[in-house]
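The listed protein sequences derive, respectively, from chains H and V. Note that my numbering numbers the first sequence so that position 431 is 580, with each residue one more than the last. Note that my numbering numbers the second sequence so that position 98 is 180, with each residue one more than the last. All C-beta atoms in this analysis are idealised placements derived from N, C-alpha and C, irrespective of residue type, glycine included.
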Amino acid sequence: MSDTTAPKAVEGGLNFLDDRLGSTTFLKRNLKKVFPDHWSFMLGEIALYCFIILLLTGTFLTLWFKPSMTEVIYDGSYTKLDGVKMSEAYASTLHITFDVRGGLLMRQIHHWAAVLFMASILAHMLRVFFTGAYRKPRELNWLIGIGMFTLGMLEGLFGYSLPDDLLSGTGLRITQGVAEAIPLVGTYIYMFLFGGEFPGEDIVPRLFTLHILLIPALILGLVTAHMMIMWHQKHTAMPVRNQTEEQVYGYPFYPVFMAKTGAYFLFTFGVLALLGAFAQINPIWLFGPYDPGAISAGSQPDWYMGVLEGALRLMPNWEITAWGHTLSLNVLIPALIPLGIIFGGAAAWPFIEQWVTGDKRLHHVNDRPRNAPVRTGVGMAAVTFYGLLWLAGANDVLADKFHVSLYATTWFFRFAIFIGPVLAYILTKRICLGLQRSDRATIEHGVESGVILMSPDGAYSERHEPARAEERHVILSKENPRPERPAVDANGIPAPSTKGPVGHLRSRLNRAWIADDVPIEDVGHDGHGHGNGNGHAAIEAGEDHREISKH
Amino acid sequence: MSDDTNENTAADEPRGEGARPARVVGTPSPAAGHRVLAAQEDDLRPAPGAADDYAAPAGAGAELDEKAARRAERIVSAFFLLTFLASVGFIVYFIGWSGRDGGMHGVVRTRESNFWLGGLMALAFLAMAAGVTIWVRRLMTSAPIIQERHELRTAEADREGFGAAFMEGARDSGITKHKMMRRTLLLAAAPLGLAPLFLLRDLGPLPEKRLRTTFWGEAVAKAQKEGKKGVRLVVDGTNAPLKVSDFASPGGMITVLPEGIEEDLPEGDVLTQTAKAVTILINVPADEFKPAKGRENWHVNGIVAYSKICTHVGCPAALYEQTTHHILCPCHQSTFDATDAAKVVFGPAARPLPQLPLGVEDGYLVATSDFHEPIGPSFWERG
């Protein structure tokens with residue numbers, strides 16, 4: 150093989166395609182596409198690989214699974230259930246587990262992959278939120294991500310409902326109870342979903358079609374859009390040297406990133422195989438077939454449904470009955486409000502932030518969380534809100550493990566859900582500002598050198614040295630907020646954007662956004678500051694100049 | 083998609099700022115210090131990122147690089163061989179062992195094959211992943227590069243051009259001019275879009291009065307037609323009718339169903355009717371029992387029957403605490419007082435569990451009517 154031409158096998162195929170599609174231009178352009186490095190950029194990849202693994206293992210499972218609620222008498226390898234009446238769905242799941250070689254492994258990998266899929270999406274979204282990577286121009290991908298997480302919740306709920314075991318039937322029973330609580334159309338939705346009264350014989354086949362066809366197809370479409378938009382817009386970068394709004398620095402897609410990401414797929418699959426082999430998940434043969442009159446204590450959904458479960462548990466029993474109608478606030482509020490706040494808030498956030506800050510620029514270099522204290526504080530408040538609801542979904546387990554009264558845990562969460570997020574916001578914001586102050590000290594005074602000097606009169610002091618260029622660059626990536634134009638100009642005429650209650654609100658939020666911010670200026674190595682005129686922070690760091698006050 | 087102009091420039095970043103080793107931000111560069119090829123071009127300055135890399139021995143000469151590269155290659159190859167062995171092992175185990183005596187048959191063999199197949203599969207994937215990772219970090223010589231980010235928005239002229247073309251098309255199509263056509267098109271589209279929704283009508287029956295009655299009503303009516311007082315209670319699971327004397331000790335709780343629910347109903351309906359009719363029977367000590375007004379004769383010596391379906395979202399309220407006489411739903415911890423008409427004492431449920439009127443006939447416990455209110459979760463039309 151010569152050093153400059155691709156081997157025949159590659160070139161032949163490439164030319165075949167190029168003659169018909171003209172694809173080589175695109176391939177050549179993208180072969181060396183740069184991918185910036187940061188460990189946190191791998192979180193979304195885990196989700197992608199989990200999705201691929203879910204498709205592979207899920208297809209395997211459909212080859213034997215029978216989505217039918219017809220009653221059969223079990224007669225298979227699991228002798229403890231011999232002669233027991235159960236649905237065909239449950240019997241075929243037992244068949245996959247105990248009679249198909251590798252069936253249990255595929256079932257367990259499938260379930261673990263679902264759990265990891267949702268966890269990695271959430272971790273990825275937190276990374277994106279706290280670094281401000283959702284900012285313009287990436288709002289669309291942020292919304293697509295929220296869409297995928299929501300679809301993932303449904304997909305998971307429908308998936309673990311399919312085996313028709315005692316636990317999954319209980320989940321469906323709760324789903325039915327929540328559907329029934331919807332005002333006006335609740336009973337109709339219930340009847341149309343289940344094809345009659347609960348459980349009926351239609352729900353498993355219907356959920357099966359949604360689970361293996363409709364929702365995966367939607368997710369696949371969104372994944373494709375997500376990836377294409379990411380590829381087109383180029384990845385965001387962390388605020389380190391060589392990463393600017395105008396350029397991206399990193400290793401080329403081929404060969405480095407391609408090999409790394411391939412290895413990452415293998416790591417994900419390997420870890421899931423390890424879990425599937427050695428960590429039991431959803432042992433449906435221990436739960437038994439679904440029986441509407443039976444239940445076991447400690448029934449828990451998969452983790453991503455825990456937040457809904459927790460909300461249902463800690464809601465007081467409010468119900469309104471008037472004019473012959475019943476409004477079940479005890480079910481409606483927990484089913485709609487918490488997830489509404491989290492998903493609705495997350496979806497609206499990029500636009501709210503843009504409106505409050507008035508920042509309509511493109512952002513390719515991420516923020517450090519400390520440099521956006523309000524955003525980071527709000528994010529931590531949301532994390533606390535979600536986390537408390539999630540914990541409340543296991544309050545019986547908590548009460549049991551920590552030997553406290555069950556009702557005390559409920560009361561604790563009823564208050565904590567309001568107090569916790571506020572505390573989290575205040576604490577986080579203070580921590581962020583403290584870190585900003587420490588950053589400013591590093592820039593102004595340098596770092597401790599460990600060298601102790603004794604002055605002629607006997608006093609000891611430690612010499613400070615300027616921080617390394619890399620560190621200074623990271624710290625100086627902070628964009629100091631520009632004070633808004635005063636609401637009223639010299640002649641007493643209010644600015645158009647501050648008029649009316651909405652404008653007033655915006656001005657106040659804007660002030661809150663930048664209040665307490667600790668400006669960090671590059672004072673240079675000699676301790677004298679560079680000039681910075683009209684409030685635009687021109688950040689200079691060594692030889693690397695980055696203009697950020699472009700509008 | 084992307085319209086890069088491919089301006090890749092090797093990043094030339096002189097490193098100053100003293101001799102202190104720089105901290106790494108991001109993943110250290112692959113193969114820094116082993117850059118066999120690149121070493122010839124830039125032997126005068128440190129390789130990009132070289133000072134960043136803790137993993138690479140700094141200042142290694144070309145000869146050492148050759149040696150290190152050979153060693154790295156051997157390690158990578160060892161991992162790849164491990165993957166080869168593990169996947170061959172997977173196949174060998176599957177063919178040779180997993181099917182012995184005609185398959186798995188039972189928990190023990192299932193666990194065994196799960197360990198072997200899963201373990202070997204995990205080993206194969208992880209070894210290959212480790213091999214590729216070491217290959218990237220030790221042997222790949224690609225240098226980090228810089229690419230320009232491009233303006234995403236289209237030039238103003240093109241935007242305007244699009245606007246003009248759009249309006250021209252609209253004009254040419256005549257849709258702006260022919261008002262009647264435009265309006266009838268919209269008119270035509272509206273019902274056409276709604277029509278498919280009607281196809282969903284047969285997904286299920288209308289609710290009607292279905293949620294207001296249970297099989298107890300049907301069974302009681304049938305029994306009374308035969309001149310009996312009510313329908314017998316049978317124990318869930320055994321289907322045996324229950325005598326008062328069988329359930330005489332206070333503190334007990336048992337799940338019961340109306341007699342005939344398995345025999346009289348078509349097979350497909352049994353589970354659905356059970357899901358509504360399932361009832362708990364509790365023997366409350368006489369001195370603690372407070373029968374509700376109007377229900378003074380609904381119990382038999384303190385034996386009371388409540389619907390087992392929680393009024394919150396429908397889980398079975400299956401836990402009974404003998405000392406406090408509380409019925410607890412394990413799903414969301416709604417708690418009901420068995421001595422006091424199953425009133426809610428804690429949790430998200432808003433209404434008491436409906437009570438089933440009981441009586442005695444020939445020494446057997448019977449239900450004398452259906453529940454007097456809808457069982458289970460509340461719904462809009464419930465009232």
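> In chain order, what residues of the segment 193-208 of chain V put their CB closer than 7 Å to some CB of chain H?
Replying inline: S195, N196, F197, L199, G200, G201, M203, A204, F207, L208
> Along the chain, which unbroken stretches of the alpha helix (DSSP H) at least 4 residues long are found entirely within the segment 221-291 of chain H?
Replying inline: Counting only runs of 4 or more, we get 237-247, 252-279.
>> Against chain H, does V:K390 count as a neighbour if the rule is that its beta carbon must be under 8 Å from one of theirs?
In response: Mapped onto the second sequence, residue 390 of chain V falls at position 308. Yes, its Cβ sits closer than 8 Å to a Cβ of chain H.
>> Please state whether the Cβ-Cβ distance between H:Y400 and H:F184 is less than 8 Å.
In response: The residue you call residue 400 of chain H lines up with position 251 of the first sequence. The residue you call residue 184 of chain H lines up with position 35 of the first sequence. Yes, the Cβ-Cβ distance between H:Y400 and H:F184 is below 8 Å.
>> Quick check: what's the CA-CA separation for H:A408 versus H:H360?
In response: Your numbering for residue 408 of chain H matches position 259 in the first sequence. Your numbering for residue 360 of chain H matches position 211 in the first sequence. Answer to the nearest angstrom: the Cα atoms are 32 Å apart.
> How big is the Cα-Cα spacing for V:A120 and H:W188?
Replying inline: In the second sequence, counting from the first residue as 1, residue 120 of chain V sits at position 38. In the first sequence, counting from the first residue as 1, residue 188 of chain H sits at position 39. With a pLDDT of only 40 at V:A120, under the threshold of 50, the placement of this residue in the model should not be trusted; the figure read from the coordinates follows. Between V:A120 and H:W188, the C-alpha separation is close to 26 Å.
> Going along chain H in order, which residues have a C-beta closer than 9 Å to the C-beta of V:G181?
Replying inline: Counting from 1 along the second sequence, the entry for residue 181 of chain V is found at position 99. Correct list: R250.
> What residue from V:N383, V:A357, V:G465 has the CA that sits closest to H:S477's CA?
Replying inline: By 1-based counting over the first sequence, the position of residue 477 of chain H is 328. Looking from the CA of H:S477, the closest CA among V:N383, V:A357, V:G465 belongs to V:G465.
> Do you know whose CA, among V:P323, V:L279, V:M222, lies nearest V:I336's CA?
Replying inline: Indexing the second sequence from 1 puts residue 336 of chain V at position 254. Among V:P323, V:L279, V:M222, the Cα nearest to that of V:I336 is on V:P323.
>> Which residues in chain H have a C-beta closer than 9 Å to the C-beta of V:M263? List them in chain order.
In response: Here residue 263 of chain V refers to the residue found at position 181 of the second sequence. Under the 9 Å cutoff, chain H gives no residues; its nearest Cβ is about 34 Å from V:M263.
> Can you list the residues of chain H that V:D81 reaches, using a CB-CB cut of under 9 Å?
Replying inline: Any property of residue 81 of chain V remains undetermined from this structure, which presents chain V solely from 83 to 465.
> V:E463 CB to nearest chain H CB: under 8 Å?
Replying inline: As a working note, residue 463 of chain V is residue 381 in the second sequence. Using a CB distance cut-off of 8 Å, V:E463 counts as an interface residue toward chain H.
> Going by beta carbon distance, what residues of the same chain come within less than 7 Å of H:F492, once the five residues before and after it are set aside?
Replying inline: Position 343 of the first sequence, counting from 1, holds the residue named residue 492 of chain H. Sequence-distant Cβ neighbours of H:F492 in its own chain, meaning closer than 7 Å and more than five residues away, are I295, T299.
> Which first and last residues belong to the beta strand (DSSP E) in which V:N365 is found?
Replying inline: Working through the second sequence from its first residue, we reach residue 365 of chain V at position 283. Here the beta strand (DSSP E) through V:N365 covers 361-365.
> So which of V:R294, V:T356, V:D351, V:E403 has the shortest CA-CA distance to V:V316?
Replying inline: Counted from its first residue, the second sequence places residue 316 of chain V at position 234. Residue V:T356 is the option with its Cα nearest to V:V316.
> For V:I364, which residues from the same chain have a beta carbon less than 6 Å from its beta carbon, with the 5 sequence-adjacent residues on both sides left out?
Replying inline: For the purposes of this step, residue 364 of chain V is taken as residue 282 along the second sequence, with counting starting at 1. The residues are M335, V386, A420.
> Are the beta-carbon atoms belonging to H:F416 and V:A211 less than 8 Å from one another?
Replying inline: Position 267 of the first sequence, counting from 1, holds the residue named residue 416 of chain H. Position 129 of the second sequence, counting from 1, holds the residue named residue 211 of chain V. Yes, Cβ-Cβ distance for H:F416 and V:A211 is below 8 Å.
> When the Cα of H:P216 is compared with those of H:S445, H:A272, H:I352, which residue comes out closest?
Replying inline: Here the question's residue 216 of chain H lines up with position 67 in the first sequence. Per the Cα distances, H:I352.
> Quick one: what's got a C-beta closer than 8 Å to H:L176's C-beta in the same chain, skipping five residues either side?
Replying inline: The count along the first sequence starts at 1 and reaches residue 176 of chain H at position 27. L163.
> Counting along the chain, where does the beta strand (DSSP E) carrying H:S656 start and finish?
Replying inline: Stepping through the first sequence from its first residue, residue 656 of chain H is reached at position 507. No beta strand (DSSP E) contains H:S656, which is instead part of the alpha helix (DSSP H) from 649-663.
> Closer than 7 Å, Cβ to any Cβ of chain V: which residues of the segment 395-409 of chain H, in chain order?
Replying inline: Under the 7 Å Cβ criterion, the segment 395-409 of chain H contributes E395, Q396, V397, Y398, G399, Y400, P401, P404, V405, A408, K409.
> Skipping 5 residues on each side, what residues in its chain have a beta carbon closer than 8 Å to that of H:T525?
Replying inline: Translated into the one-based positions of the first sequence, residue 525 of chain H becomes position 376. Counting only Cβ-Cβ distances below 8 Å, and skipping sequence neighbours, we find F279, P518, R519, T577, K578, C581.
> Helix, strand or coil for H:T174 per DSSP?
Replying inline: Indexing the first sequence from 1 puts residue 174 of chain H at position 25. Residue state, collapsed to three classes: helix.
> What is the residue span of the alpha helix (DSSP H) that H:H594 lies within?
Replying inline: Counted from its first residue, the first sequence places residue 594 of chain H at position 445. Here the alpha helix (DSSP H) through H:H594 covers 555-594.
> Straight-line CA distance for V:V448 to H:V372?
Replying inline: Counted from its first residue, the second sequence places residue 448 of chain V at position 366. Counted from its first residue, the first sequence places residue 372 of chain H at position 223. Going by the C-alpha atoms only, they are around 59 Å apart.
> Among H:F200, H:T173, H:W452, which residue has its Cα nearest to the Cα of H:L367?
Replying inline: Counting from one through the first sequence, the residue named residue 367 of chain H turns up at place 218. The shortest C-alpha separation from H:L367 is found at H:F200.
> What's the call for H:A543, buried or exposed, on a 16-neighbour Cβ count within 10 Å?
Replying inline: In the first sequence, the residue the question calls residue 543 of chain H occupies position 394. Buried, since its Cβ has 16 or more Cβ neighbours within 10 Å.
>> Can you pull out the residues from the segment 354-384 of chain H whose beta carbon lies closer than 9 Å to at least one beta carbon of chain V?
In response: R355, M377, W380, H381, Q382, K383
>> Counting C-beta neighbours from all protein chains within 10 Å, is the total for H:Q257 16 or more, i.e. buried, or is it exposed?
In response: Position 108 of the first sequence holds residue 257 of chain H. Label assigned to H:Q257: buried.
>> Let me check understanding here. Comparing Cα to Cα, which of H:T470, H:V651, H:L463, H:G455 lies closest to H:W140?
In response: Residue numbering for chain H in the displayed model covers 150 to 700; residue 140 of chain H lies beyond these limits and cannot be assessed.
> Where does H:T154 sit, in a helix, a strand or coil, going by DSSP?
Replying inline: Position 5 of the first sequence, counting from 1, holds the residue named residue 154 of chain H. DSSP places H:T154 in coil when its eight states are reduced to three.
> Quick one: is H:M509 buried, meaning 16 or more other Cβ sit within 10 Å of its Cβ, or exposed?
Replying inline: Counting from 1 along the first sequence, the entry for residue 509 of chain H is found at position 360. The sequence as given places Lys at residue 509 of chain H; Met does not occur at that position. Burial call: exposed.
>> As a quick exercise: from H:A496, H:R322, H:F266, pick the residue whose alpha carbon is nearest that of H:L421.
In response: Stepping through the first sequence from its first residue, residue 421 of chain H is reached at position 272. Nearest option by C-alpha distance: H:F266.
> Mind checking if H:G344 is an interface residue toward chain V, Cβ cutoff 8 Å exclusive?
Replying inline: Looking up residue 344 of chain H in the first sequence gives position 195. Yes - at least one Cβ of chain V is within 8 Å of the one on H:G344.
> Quick one, are the C-beta atoms of V:E455 and H:T336 less than 8 Å apart?
Replying inline: Indexing the second sequence from 1 puts residue 455 of chain V at position 373. Indexing the first sequence from 1 puts residue 336 of chain H at position 187. Cβ atoms of V:E455 and H:T336: not closer than 8 Å.
> Assuming H:T591 contacts H:I568 under a Cβ cut-off of 8 Å, what Cβ separation, rounded to an integer in Å, is found between them?
Replying inline: Locating residue 591 of chain H in the first sequence gives position 442, where the first residue counts as 1. Locating residue 568 of chain H in the first sequence gives position 419, where the first residue counts as 1. Their Cβ separation, rounded to whole angstroms, is 35 Å, which puts H:T591 and H:I568 out of contact at 8 Å.
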